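The next block holds one structure in the form of structure tokens; read it before the comments.
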Amino acid sequence: MKILRVFIILFLICGSYFNAQNLPPIKIFSTEDYNADNQNWQISQSDNKFIYVANNRGLLEFDGSEWHLYESLNKSIIRSVKVIGDKIYTGCYMDFGYWSKNSFGKLEYVSLLPKLEQNIEEDDQIWSILDFNEWVVFQSSHNIYFYNTLNQTFKIIKTDKIIYNIFNIENTIFYSVRNEGIYKIKDGKPKLVTNSYAIKNNKIIRIFSINNEVIFLTQKSGFYKIKNSKAVKWDIPANNIFEQSNVYCSLRLKNGQFIIGTISNGIINLNSDGSFNYQINQKNGLSNNTVLSLLEDTDNNLWVGLDNGINCINITSPVQVYNDFDGVLGTVYTSIVFKNNLYVGTNQGLFLKKIDTNDHFKFIEGTKGQVWTLFNYNDEDLLCGHHLGTFSIEYDKALLIDNNTLGSWSFKTIPSHKNLLLKGNYNGIYVLEKSYGKWRVRNKIEGFSSSSRFFELDKANHIFVSHENKGVIKLTIDDNFKKVTKIEVEPSLEIGKNSSLVKYRDTILYSYSKGIFKYDQKDKIFKYDSLLSPIINKENYVSGKLVVDNKDMLWAFSKDNINYVLNDNLTNKPQIHSLAIPLNLRKVIVSFENISQIKNSLYLLGTANGYLTINLAKTKDNNKYHIYLNSITFKDLDNVIKTYDKDRFIEFKHKKGIITFNYSTPNYDKYSEVKYQYKLEGFSNHWSGWSSTSKASFENLSFGNYILKVKSKVGNKLSQNTISYNFKVNRPILLSNLALSIYFITLILIVFITHKVYKRHYDKKLRQEQSESEKIIFQIKNKQLNDAIENKNRELTISKMSIIKKNELLNSIKKELKNLEQSKNKRAAIKLIDDNLNNTKDWEFFVKAFKNTDKTFLHKLKELHPNLTPNDVRFCVYLRLNLSSKEIADLLNITIKSVETKRYRLRKRMNLPHEENLIDYILSL
């Protein structure tokens, strides 16, 4: 009966809490995400906020963007992990040591077993690691190894019985021994603290120091205190929960709350006074019900190592989540707090529950179907705009007040008519009237039948209707609101996708992708509002939906942010604030965004499968974020990846491939997205767009010097630092300095050789031209010479013929004179003729002409035959001229016979052989 009673109490208490809770956001990491085994035994965090997990496959490292797995040396399960300084200490089967990061961004393991003076106990497993002053404490089942980091020596405490756990409480080491109790290390030796029955026969999960008291959490019996060396139950409101919970791990949060990790019930959160706060299990968001390890990180996130997966719970987040896991609630389109009840309108109908309770939502009968809006009329009546029409809501009852008109979009008051409301419908605008405390449909405004989801009334009783396909339509209404007297399409506005129309601070606003336009009552046109338009970001535009809440705050929704406007009462100017909750995380229906105030600074945002609550008082982000360069790799065309030393200046070889820089900013808030921006100076001086991709890749970079700069932002908050990394891509081998030198020398040689070749070519060409010129000149000269020779020959011939004619004439005269009678005058005349025939002047003239024609002959003749007489020389000249014997006889004034005799004598003087022809010889000289 006792067990049954406890179970019923647990069911009643937890059932209402568990199923209707607003819970902190949970980031889920499955085995597929971190690519290792399912069980995760311990979790630790480094100073740079990287997360380290002891997993069945090895050590997991999470840099905020990517998971990396490092297997243990002996391939065994890593059971424990603790980050101390720049080292990550781990323990596994028969080994323990530490990991440190090298300059390539990879972890390297160093075993501490070689420094142990004895062999580690057979089958020993290291279950826990503590940081204790200069010591690192490793706990196995039967041994506690104290490693001194200063002198690298060990001290060992051994026990025969099983050591359950070890703890560092206010700089004192406590440990729990099965069936013996709790010990502490004092003066270097174990000292029994308590062996109370409740302690020694129970597994101690955790020890806490609270208000100078030591509190023990047991596996099955809850909390105990030590009073007078005896264990006394710590009386807390949630004690009944422990009677049916098997606790495996626990920790106390910085805010004083307790987190209890159980074997089969997920995690339980207790307030600092021990009262129940909430429970998260597999049914309402946790990946698995078996909790193996817990860690509160530096940003107050709760990390949960599960039997199957890893979860990160944002326990201090300003955002809380109500997930409709059972699909009962559906997609939330509207919400309102009315008379201390929270009403939620969804695609499934209208639901309510008491505010500030964890009660289940109750469905209001008769409202099944699509709810569009909820309207509070003067805190007197609650109206529900529904696909079926309009309902008047009285607590959990719904009364349909317009049976004949489907689809009520929204409601607006008429300032001049206190008991009337305008209702936008699928087919126009209707007037509702409150009479005798009841609402009824008074009339439809005739003359306009278009859907009126967004409409507003100005001070002159004009109704403006925003129709997505027709634009903004201005309706002029008669005084009784029964008939449209004039319809105008607003010319100053464009038709905008996902546009909306609202009244904010007595001004009608139209919102679409190009900004916000306000209606100028004086000029009767819409004008661009430069103060409000920044909440509609053109680059991140998804919806122009504007919401004005009951605190007169204006809300807008972009791709990356939820923006809201507060009015500065001092300057009367709008102040724009942003909540960095991107569309992909808030999961709302575009153009049907809805947000309402629940109380004070707490707001409810409808989503596709429930809703989020946002506490604006907690949205200030005081965290400081840093970006880290994790690794640099190069992948070639064969998909071979090489990792480079990121702490050194890298000179990449010039080859085709992809250079990748991996970086990250650790942030584990589910609703704060990390984005990165980079630029590569030397390639482009422009920053890239913001992207959630935590790496930059560059393919086939040309040679040169580069500087990579990377910055990040978490939500809208920039990182404290910017990565700046210099590197170089070397010239290709064919463009290296050596190659360029060779090219330069080769070029000089080519230029030199080319110059020489061209010079030789042109010299040859010049010589050819000169030769041709000389040849031409020679030919000209030869011609001139030939002409001169011909002239000389002509002169010689003329001279020869003149002498011959003269001699012939003289001989003829002489012959005639001989026939005359003898007289004195006759002899004188004959003598005169003989003197002329033998005159040497004719010969001298003839020799001069001959020399001009044949300059070398006489010289050679005299050299070869110096014994020749002048008459012999003269005879040789005539023979050289190839004169006939008769012509020679005439020139020499002798007979032909005498000429032959001269030939004979000349041969003899020249000593010519008999067979050699005299004339041929003379011609050959």
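Read in order, the letters of the sequence shown correspond to residues 243 to 1167 in my numbering. Glycine is no exception: its CB is placed at the ideal position from the N, C-alpha and C atoms. Computed from a predicted structure; not experimentally measured.
Once you ignore the five residues that flank residue 583 on each side, which residues in its own chain have a CB closer than 8 Å to its CB? Residue 583 sits at position 341 when you count from the first residue of the sequence shown. So the qualifying residues of the chain are 594, 595, 596, 597, 637.
Can you list, in chain order, the residues of its chain whose CB lies under 8 Å from that of residue 392, leaving out five sequence neighbours each side? Locating residue 392 in the sequence shown gives position 150, where the first residue counts as 1. Once the five neighbours on either side are set aside, the close Cβ partners of residue 392 are 376.
Is residue 1132 helix, strand or coil when you go by DSSP? Locating residue 1132 in the sequence shown gives position 890, where the first residue counts as 1. The answer is helix: DSSP assigns residue 1132 an H, G or I state.
Under the three-state DSSP convention, the category residue 1113 falls into: The count along the sequence shown starts at 1 and reaches residue 1113 at position 871. In this structure, DSSP gives residue 1113 a helical state, which the three-state scheme calls helix.
Note the first and the last residue of the continuous alpha helix (DSSP H) segment covering residue 1140. Taking the sequence shown and counting its residues from 1, the one referred to as residue 1140 is at position 898. Counted as a single uninterrupted DSSP element, the alpha helix (DSSP H) harbouring residue 1140 occupies residues 1138-1152.
Report back the beta-carbon spacing between residue 787 and residue 799 to the nearest angstrom; my notes put them in contact at under 8 Å. For the purposes of this step, residue 787 is taken as the residue at position 545 of the sequence shown. For the purposes of this step, residue 799 is taken as the residue at position 557 of the sequence shown. The pair is a contact, with the Cβ atoms about 6 Å apart (cut-off 8 Å).
Does the Cβ-Cβ distance between residue 715 and residue 731 come in under 7 Å? Here residue 715 corresponds to residue number 473 of the sequence shown, with the count starting at 1. Here residue 731 corresponds to residue number 489 of the sequence shown, with the count starting at 1. Contact: yes.
Which ranges would you report for the alpha helix (DSSP H) in the segment 716-782 if only whole runs of at least 4 residues count? Taken in chain order, the segment 716-782 contains no complete alpha helix (DSSP H) segment of 4 residues or longer.
For a test of the three-state rule: what should DSSP assign to residue 996, helix, strand or coil? Start at 1 with the first residue of the sequence shown, and residue 996 comes out as number 754. Helix.
Helix, strand or coil for residue 1165 per DSSP? Within the sequence shown, residue 1165 is the residue found at index 923, counting from 1. Three-state result, residue 1165: helix.
Given 8 Å as the limit, is there contact between the segment 893-902 and the segment 853-866, that is, 3 or more CB pairs closer than that? no
Do residue 554 and residue 592 have their beta-carbon atoms positioned less than 7 Å apart in this structure? By 1-based counting over the sequence shown, the position of residue 592 is 350. By 1-based counting over the sequence shown, the position of residue 554 is 312. No, they are not a contact pair.
Can you tell me where the beta strand (DSSP E) with residue 184 in it begins and where it stops? No answer is possible for residue 184: it lies beyond the span of the chain, which begins at 243 and ends at 1167.
Touching or not, the segment 945-959 and the segment 914-927, by the rule of three or more beta carbon pairs under 8 Å? yes
Please report the straight-line C-alpha distance between residue 248 and residue 521, rounded to a whole angstrom. Position 6 of the sequence shown, counted from the first residue, corresponds to residue 248. Position 279 of the sequence shown, counted from the first residue, corresponds to residue 521. Because residue 248 sits at a pLDDT of 40, beneath the cut-off of 50, its placement in the model cannot be relied upon, and the following sentence gives the value as read from the coordinates. So the two alpha carbons sit approximately 17 Å from each other.
Nearest to residue 451 by CA position, among 442, 465, 1150, is which residue? Within the sequence shown, the letter at position 209 stands for residue 451. It is 465.
Three-state secondary structure assigned by DSSP to residue 310: Numbered from its first residue, the sequence shown carries residue 310 at position 68. Note: residue 310 maps to strand in three-state DSSP.
Burial state of residue 938, where buried means 16 or more other Cβ atoms lie within 10 Å: The residue given as residue 938 occupies position 696 in the sequence shown. Residue 938 comes out buried.
How would you label residue 822, buried or exposed, when you count the other beta carbons within 10 angstroms and need 16 or more for buried? Here residue 822 corresponds to residue number 580 of the sequence shown, with the count starting at 1. Under this definition residue 822 is a buried residue.
Just curious, the alpha helix (DSSP H) that residue 337 is in, first and last residue? For the purposes of this step, residue 337 is taken as residue 95 along the sequence shown, with counting starting at 1. Run containing residue 337: none in the alpha helix (DSSP H); it sits in the beta strand (DSSP E), 337-343.
For residue 878: DSSP bridge partner residues: For the purposes of this step, residue 878 is taken as residue 636 along the sequence shown, with counting starting at 1. Residue 878 is bridged to 899.
Residue(s) in a DSSP beta bridge with residue 494: For the purposes of this step, residue 494 is identified with residue 252 of the sequence shown, where counting begins at 1. The partner list for residue 494 (beta bridge, DSSP) reads 500.
Starting from residue 683, follow its DSSP beta bridges and name the residues at the other end. The count along the sequence shown starts at 1 and reaches residue 683 at position 441. Residue 683 is bridged to 674.
So what's residue 231 in DSSP terms, helix, strand or just coil? The displayed coordinates of the chain run from 243 to 1167. Any statement about residue 231 would go beyond what the structure contains.
CB-CB under 6 Å to residue 754, same chain, minus the five flanking residues each way: which ones, in chain order? Position 512 of the sequence shown holds residue 754. Only 738, 741, 786 meet the Cβ criterion.
How do the segment 544-553 and the segment 564-584 stand: do at least 3 beta-carbon pairs fall below 8 Å, yes or no? Verdict: no, contact absent.
Status (buried if at least 16 other CB within 10 Å, exposed otherwise) for residue 439: The residue given as residue 439 occupies position 197 in the sequence shown. With fewer than 16 Cβ atoms within 10 Å of its Cβ, residue 439 is classed as exposed.
Output the residue ranges of the beta strand (DSSP E) runs that lie fully inside the segment 504-570 and measure 3 residues or longer, sorted by chain position. 509-512, 518-522, 533-538, 544-548, 551-555, 561-565
Of the residues 1111, 526, 1137, the one placed nearest residue 266, counting alpha carbons only: By 1-based counting over the sequence shown, the position of residue 266 is 24. If we check each option's Cα against that of residue 266, 526 comes out closest.
If I'm right that residue 801 touches residue 824 with Cβ under 8 Å, what's the distance once you round it to whole angstroms? For the purposes of this step, residue 801 is taken as the residue at position 559 of the sequence shown. For the purposes of this step, residue 824 is taken as the residue at position 582 of the sequence shown. Sure, about 7 Å apart at Cβ, within 8 Å.
Determine which residues share a DSSP beta bridge with residue 623 and list them. Taking the first residue of the sequence shown as position 1, residue 623 is located at position 381. Answer is 619.
Less than 7 Å between the C-beta atoms of residue 427 and residue 415, yes or no? Numbered from its first residue, the sequence shown carries residue 427 at position 185. Numbered from its first residue, the sequence shown carries residue 415 at position 173. Going by C-beta atoms, residue 427 is nearer than 7 Å to residue 415.
Would you mind listing the beta strand (DSSP E) stretches within the segment 384-446 that are 3+ residues and don't spill past its ends, in chain order? 385-390, 395-400, 405-411, 414-419, 423-428, 431-436
Is the segment 897-914 touching the segment 523-537 in the sense that three or more CB pairs, one from each, lie closer than 8 Å? no
Nearest candidate by alpha-carbon position, reference residue 780, set 764, 797, 758, 794: If you number the sequence shown from 1, residue 780 lands on position 538. The shortest C-alpha separation from residue 780 is found at 758.
With 16 as the cutoff for other CB atoms within 10 Å, does residue 244 come out buried or exposed? Against the sequence shown, residue 244 aligns to sequence position 2. Residue confidence for residue 244 is low, a pLDDT of 42 falling below 50, so the modelled location carries little weight; the figure read from the coordinates is stated next. It counts as exposed.
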